[in-house]
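If you read the protein sequences in the order shown, they are chains A and B. With the first sequence counted from 1, adding 146 to any position gets you this note's numbering. With the second sequence counted from 1, adding 146 to any position gets you this note's numbering. By construction, the Cβ of each residue, glycine as well, lies at the ideal position given by its N, Cα and C atoms. Heads up: the structure comes next, in structure tokens.
2 protein chains.
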Amino acid sequence: MASPETNGEEVPTRERILREASRLFGKKGFHGTSTREIANAVEIRQPSLFHHFPSKRDIMAELIDIDHSESAAVAEREAAAEGSPACRLYRYLVWDISFICRCPYDLTSVEGVIDDPLFADKLERRNALKRARRSIIEQAIESGEFLEVDADLAEKAIVWIMQGDIAETAGQAVPEADQIAQQLATFILRALLKDQDQLAAIKADAHCG
Amino acid sequence: MASPETNGEEVPTRERILREASRLFGKKGFHGTSTREIANAVEIRQPSLFHHFPSKRDIMAELIDIDHSESAAVAEREAAAEGSPACRLYRYLVWDISFICRCPYDLTSVEGVIDDPLFADKLERRNALKRARRSIIEQAIESGEFLEVDADLAEKAIVWIMQGDIAETAGQAVPEADQIAQQLATFILRALLKDQDQLAAIKADAHCG
DNA sequence: GTCTATAATAGGATAGAC
DNA sequence: GTCTATCCTATTATAGAC
Numbered sequence: 147m148a149s150p151e152t153n154g155e156e157v158p159t160r161e162r163i164l165r166e167a168s169r170l171f172g173k174k175g176f177h178g179t180s181t182r183e184i185a186n187a188v189e190i191r192q193p194s195l196f197h198h199f200p201s202k203r204d205i206m207a208e209l210i211d212i213d214h215s216e217s218a219a220v221a222e223r224e225a226a227a228e229g230s231p232a233c234r235l236y237r238y239l240v241w242d243i244s245f246i247c248r249c250p251y252d253l254t255s256v257e258g259v260i261d262d263p264l265f266a267d268k269l270e271r272r273n274a275l276k277r278a279r280r281s282i283i284e285q286a287i288e289s290g291e292f293l294e295v296d297a298d299l300a301e302k303a304i305v306w307i308m309q310g311d312i313a314e315t316a317g318q319a320v321p322e323a324d325q326i327a328q329q330l331a332t333f334i335l336r337a338l339l340k341d342q343d344q345l346a347a348i349k350a351d352a353h354c355g
Numbered sequence: 147m148a149s150p151e152t153n154g155e156e157v158p159t160r161e162r163i164l165r166e167a168s169r170l171f172g173k174k175g176f177h178g179t180s181t182r183e184i185a186n187a188v189e190i191r192q193p194s195l196f197h198h199f200p201s202k203r204d205i206m207a208e209l210i211d212i213d214h215s216e217s218a219a220v221a222e223r224e225a226a227a228e229g230s231p232a233c234r235l236y237r238y239l240v241w242d243i244s245f246i247c248r249c250p251y252d253l254t255s256v257e258g259v260i261d262d263p264l265f266a267d268k269l270e271r272r273n274a275l276k277r278a279r280r281s282i283i284e285q286a287i288e289s290g291e292f293l294e295v296d297a298d299l300a301e302k303a304i305v306w307i308m309q310g311d312i313a314e315t316a317g318q319a320v321p322e323a324d325q326i327a328q329q330l331a332t333f334i335l336r337a338l339l340k341d342q343d344q345l346a347a348i349k350a351d352a353h354c355g
């Protein structure tokens, strides 16, 4: 119980920079946020930022890594796993939305900068994440669990909902994380399932909460 | 057939400024886009912009008006109308998503700036639009057509999907506008309807394509 | 690890010629 | 209606003291 995270004191400066920068990037965009604003929010002077990060770009780059590294791993694992694809999609969705709701950073700005040449080195992993999600949806359609919808449009709608949830929670680490994750994952599954009566069994098999 | 819009020539400078600025705002954000970039895209010099708009802010303000004025009118009309709420939601959704897909401007940046104090005068109409959408959903839950979901979360998920579609089409006026509008409206209705078998009747009653 | 001071650049907007 | 030239401010980042 001596963790600096749990008792609310002594958050390291580098950590506070990431949190405040993510909020400002989320609200005003990466290019629209100045290093002065970040420094003011952290309550240090502007040049002191450059002791913790070599450039403004590197602050954003770290936020991209936080957003994508675990998500891509989970999605790729579920895409390659055995068993009901609908259940695997549900499990991935609950994990990722829950991650979003618990994250202390506002990751809103990530999708907005990922196509910027400045972050070209981060693009491939994001695309791998997208491919994994699409693969699970295609498996669910082929297996007959999902309606024969446009898999591309379905993957997009899912991303859009997650993106909206990211902007909504904005790094506030909401306590109802699991509840929201299950509600949104259920919303998505209902829109795609051929037989709504299977929803209860899918949730039970996924054993997330 | 002499319309400047249809034969592709002679688009007025003011119009080209709106189109190119909307694309740049959508890609790099309002604050992240310089007036020099806009001018370059329009192929005029930077100060010439200020002959057509008094400031960079006023370009964005006009894009906000384009996004919200008709949408708010349609949503408020459907919220106050008679008949099946699910049908009225479907009709609004098809209209708005179709509008998005036909719009020659990239309206991605609108949601990102609407909370900025710079555009405080545009906030009330956006909130009226949100209230109208929520009202239709609440009516559909009360009437028993929709499952007893969280109306707030449902309205959010709908906005997120429309917001994603705005970013996707990015003012390219896609030819499959009606098809996409119906697919996404169907996705949303399926996620909310208590009885999936009513979907066909709702679509028929809405008579949108 | 933070500060002040400052360099170097890019930004929004104006003046006035054509 | 567009241009060149320019003003003034804000920006990212560095240098060097403490």
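Best match in the options for proximity to residue i [C-alpha to C-alpha]
i, options, result
"D252 of chain B", "B:C233, B:R165, B:L345, B:A232", "B:R165"
"I163 of chain B", "B:S194, B:G175, B:H177", "B:S194"
"I326 of chain A", "B:H177, B:C354, B:A303", "B:A303"
"A316 of chain B", "A:A313, A:G258, A:I287, A:Q344", "A:G258"
"C247 of chain B", "B:G310, B:S255, B:A266", "B:G310"
"G290 of chain B", "B:R223, B:S230, B:H353, B:N186", "B:S230"
"E301 of chain B", "B:L239, B:A167, B:P263, B:V188", "B:L239"
"Q328 of chain B", "B:K340, B:L345, B:A319, B:S168", "B:L345"
"G172 of chain A", "A:D343, A:L209, A:L339", "A:L209"
"D213 of chain B", "B:I348, B:S180, B:A313, B:R182", "B:A313"
"E216 of chain B", "B:A319, B:L339, B:A274, B:D324", "B:A274"
"F265 of chain B", "B:I243, B:L339, B:A219, B:K202", "B:K202"
"E224 of chain A", "A:E156, A:R182, A:E284, A:W306", "A:E284"
"S255 of chain A", "A:K174, A:A221, A:W241", "A:K174"
"R160 of chain B", "B:G178, B:I205, B:S180, B:E183", "B:I205"
"A319 of chain A", "A:D298, A:S244, A:I260", "A:S244"
"A221 of chain B", "B:E228, B:D211, B:D242, B:A207", "B:D242"
"P363 of chain A", "A:P250, A:H353, A:T179", "Outside the shown range of chain A, which is 147 to 355, sits residue 363 of chain A, and nothing can be said about it."
"E294 of chain A", "A:L330, A:L339, A:K276", "A:L339"
"I348 of chain B", "B:V157, B:D324, B:A286, B:I307", "B:A286"
"D324 of chain B", "B:M308, B:A297, B:S168, B:C354", "B:C354"
"A352 of chain B", "B:E228, B:M308, B:I307", "B:E228"
"A207 of chain B", "B:E288, B:I260, B:A350, B:M308", "B:I260"
Closer than 8 Å at the beta carbon, the chain A residues around residue i
i, result
"D296 of chain B", "Q329"
"F176 of chain B", "G175, G178"
"Q342 of chain B", "Q342"
"F290 of chain B", "Strictly speaking, residue 290 of chain B in this sequence is Gly, with Phe absent from that position. Within 8 Å Cβ-Cβ: nothing; G290 of chain B doesn't reach chain A, min ~16 Å."
"L275 of chain B", "Ordered by position in chain A, no residue passes the 8 Å Cβ test against L275 of chain B, which lies about 16 Å from the chain."
Neighbour list for residue i in chain B, Cβ cutoff strictly below 8 Å
i, result
"A303 of chain A", "I307, G310, L330, F333"
"L269 of chain A", "Within 8 Å Cβ-Cβ: nothing; L269 of chain A doesn't reach chain B, min ~15 Å."
"A337 of chain A", "F333, I334, R336, A337"
Boundaries (first-last residue) of the alpha helix (DSSP H) holding residue i
i, result
"G172 of chain B", "159 to 174"
"F245 of chain A", "231 to 248"
"L195 of chain A", "195 to 198"
"Q328 of chain A", "323 to 338"
"Q180 of chain B", "With the sequence shown as reference, residue 180 of chain B is identified as Ser, and Gln is not the correct amino acid for it. Neither: S180 of chain B is in no alpha helix (DSSP H) and is coded neither H nor E."
"E216 of chain B", "202 to 226"
"D351 of chain B", "345 to 352"
"E257 of chain B", "255 to 259"
Chain-ordered chain A contacts of residue i [CB-CB under 9 Å]
i, result
"Q318 of chain B", "In chain order: nothing, as chain A lies at least about 15 Å away."
"R203 of chain B", "Going along chain A, no residue has its Cβ under 9 Å from R203 of chain B, so there is no contact; the nearest lies around 13 Å."
Closer than 7 Å at the beta carbon, the chain B residues around residue i
i, result
"E314 of chain A", "K302"
"L299 of chain A", "Q329"
"G229 of chain A", "Residues of chain B passing the Cβ test: none, with the nearest at roughly 24 Å."
Contacts that residue i makes with chain B (C-beta to C-beta distance below 9 Å)
i, result
"L195 of chain A", "By Cβ distance, chain B contributes nothing, its closest Cβ being about 19 Å from L195 of chain A, past 9 Å."
"L253 of chain A", "Simply none; closest approach about 15 Å."
Could you tell me which whole alpha helix (DSSP H) segments of length 4 or greater appear in the stretch 268 to 320 of chain A? 269 to 288, 297 to 315
Would you say the stretch 233 to 246 of chain A touches the stretch 326 to 341 of chain A, given that touching needs at least three Cβ pairs under 8 Å? yes
Can you confirm whether the stretch 278 to 287 of chain A touches the stretch 184 to 200 of chain A when touching is taken to mean that 3 or more C-beta pairs between the two stretches lie within less than 8 Å? no
Check whether the stretch 172 to 192 of chain B and the stretch 266 to 275 of chain B touch, using three or more Cβ-Cβ pairs below 8 Å as the test. no
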